[in-house]
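Every position in the sequence shown, counted from 1, becomes a number in this note's numbering once 34 is added. For every residue, glycine included, the Cβ atom is placed at its ideal position computed from N, Cα and C. Every value quoted in this text rests on a predicted model; they were computed, and no experiment measured them. I have placed the structure first, in the form of structure tokens, so that the comments after it can refer back to it.
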Amino acid sequence: MLGARASRLARTPASALFWRIVVMNGLLFTIGLTVLALSPATVSSPVLLTEVPILLIGLALMIMVNAFVLRNSLAPLSALTTLMERVDLLRHSDRIAHNGNGDLTTLIATFNSMLDRLEAERSASTAHTLAAQEAERQRIARELHDEIGQSLTVVLLGLKRAVDRAPDDLREELHTVQETVRASLDEVRQVARRLRPGVLEDLGLLSAMSALASDFSQMSGVPVARVFDPRLPEVSSDVELVIYRIAQEGLTNVARHAHASRVELSLCADDGDVVLRITDDGDGGPIREGAGIRGMRERALLVNADLTIEEAPGGGLRVRLAVPVTKERA
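Shown next as structure tokens:
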């Protein structure tokens, strides 16, 4: 047990650096003693002026060797610090490359493994959270449609009978109430449809995206130019739901913050990826990542997709989601 513990300690970056410095200094001292013992050079007491250059050369050589060893051994720490400062588990973080040698190789490999583990745990946790969220949305949508929707339908039918039998002086007021209830029923159905996109399950992704664009234009008054590729590769239902939800959140952000006069919604195949683009001509400006954008990034991680949000060339913002589609997934 002690031998195994000593072996683990010997492989740590600190112990490797320690032994390298000890060996280098020992080698320098050995060379210095050999030179003093076998050559005519001597060191007097007190030191003579002619001996000072020899001592200075030896000291400078020792400092240079130590500086070289420390510089090469600790150089990866700068890259490691930079990566630590920019790590974001909602984005695909890069890794520090290591070539299999050096004193900090074990530290770098451990840090990269830690990032892999944290990203995997975050993805699993996000998957469970979003699955529970989708289940709750479906439950609320069913209750809105089956209970509140049916109740409003019964009220609407009762009002129709009351309007038919009401005197002329009340018929106008009852008709106004009837229209209000009908508008409320339509709003309930729209909310239920946004919570549970039944068209996505029944008619597929392209039809669901087209219906989403129509609903957005109807609510916001902003026209949507649609560019859909009918030859999209087949993807799983989870990928379809992620694409739909990110498009839904992107259009919602446009309606709330962009003050746009035109939006382009694109869904195409591009070099083996399914690419979603949402481009508006609104205000643009600095991108503030609130709960909506963080939710989009969390969903993108579930399908190993790349989500970028940037300013569009002509003004406004552009959201781009690239979902890799492999043969196995298709």
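Which first and last residues belong to the beta strand (DSSP E) in which P358 is found?
That run of the beta strand (DSSP E) goes L351 to P358.
May I have the straight-line CA-CA distance separating F63 from V99, to the nearest angstrom?
One C-alpha to the other measures close to 12 Å.
Mind checking N338: buried by the 16 CB within 10 Å criterion, or exposed?
The residue in question, N338, is exposed, as its Cβ has fewer than 16 Cβ neighbours within 10 Å.
Contact between the stretch 214-222 and the stretch 235-253: three or more CB pairs below 8 Å?
The stretch 214-222 vs the stretch 235-253: no contact.
Return the bridge partner residues of E344 from the DSSP annotation.
In DSSP, E344 forms a bridge with R352.
Just to confirm, is the Cβ distance from T313 to G350 under 8 Å?
In contact: T313 and G350 (Cβ atoms closer than 8 Å).
Considering only their Cβ atoms, is the gap separating R230 from R171 smaller than 8 Å?
Cβ atoms of R171 and R230: closer than 8 Å.
Where do the N-terminal and C-terminal ends of the beta strand (DSSP E) with V308 fall, by residue?
Note, V308: beta strand (DSSP E), D307 to D314.
With a 10 Å radius around its C-beta and 16 neighbouring C-beta atoms as the bar for buried, classify Q8 as buried or exposed.
Residue 8 cannot be examined here, being either before or after the span of the chain that is shown, 35 to 364.
Excluding five sequence neighbours on each side, which residues of the same chain lie with their C-beta closer than 8 Å to the C-beta of I280?
Answer for I280: L310, M330, R333, A334, L341, V353 and L355, listed in chain order.
Following the continuous alpha helix (DSSP H) through R290, name the residue where it begins and the one where it ends.
R290 -> no alpha helix (DSSP H), and no H or E assigned at all.
Among V359, H209, F102 and K194, whose alpha-carbon lies nearest the alpha-carbon of V308?
The residue with the shortest Cα to Cα distance from V308 is V359.
What does R199 pair with, by DSSP beta-bridge criteria?
Paired residue(s): none; R199 is not in a bridge.
Near A200, what residues of its chain come up, given a Cβ to Cβ distance below 6 Å and the 5 sequence neighbours on each side ignored?
Contacts found: L208.
Please report the straight-line C-alpha distance between R195 and S185, rounded to a whole angstrom.
Going by the C-alpha atoms only, they are around 16 Å apart.
For V258, name the three-state secondary structure that DSSP assigns.
Looking at V258 - three-state DSSP - the assignment turns out to be strand.
CB G326 to CB E283, shorter than 8 Å?
Yes, the pair counts as a contact, with Cβ atoms nearer than the cut-off.
How should A38 be labelled, buried or exposed, when 16 other C-beta atoms within 10 angstroms of its C-beta is the threshold for buried?
Note on A38: pLDDT 49, under 50, position unreliable in the model; no value is reported.
Among the candidates P80, W53, R54 and G92, whose CA atom is the shortest distance from the CA of T68?
Closest option to T68, Cα to Cα, is G92.
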